[in-house]
Amino acid sequence: MTYRTVTEICRRHGISDATFYTWRSRFGGMEVSDARRLKALDEENRKLKKLLAEAMLDVATLREALGKNF
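So the sequence shown is numbered by the numbering used here: it starts at 113 and just counts up by one.
1) Please report the straight-line C-alpha distance between Arg136 and Leu160, rounded to a whole angstrom.
2) Look up Glu143 in the DSSP assignment and say whether it is helix, strand or coil.
3) Which same chain residues end up closer than 7 Å to Ala147 when comparing Cβ atoms and leaving out the 5 residues on each side of it in sequence?
Following this line, the structure appears as C-alpha cells:
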C-alpha cells in the first residue's frame, strides 16, 4: 500500500492544505446525513439573508419616498 501526504493529495485535487484542514475541522466527525443537514441549513441561511437584505432595501426606499418622516 502506498501512502501519500496530505499535501500530495491536495495538490492532485487542486485544493490547498489550508482548505483541507478547514474542511476536516468542520466536517471530520460528521456522518453523511449530518453534512447534508448542515448544507441544507447553510442554504436556508443564505436565502434568509438575501430576503432580509431585500426587505431592508425596500424599507430604505420607502423611507426616502416618504420624506424621511420616520
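Backbone N, C-alpha and C define an ideal beta-carbon position, used for all residues, glycine too. The model shown is predicted, which means the values in this text are computed figures rather than measured ones.
In terms of the structure at hand:
1) Each residue's CA atom was taken as its position, placing Arg136 and Leu160 some 27 Å apart.
2) Correct three-state label for Glu143: coil.
3) Phe139
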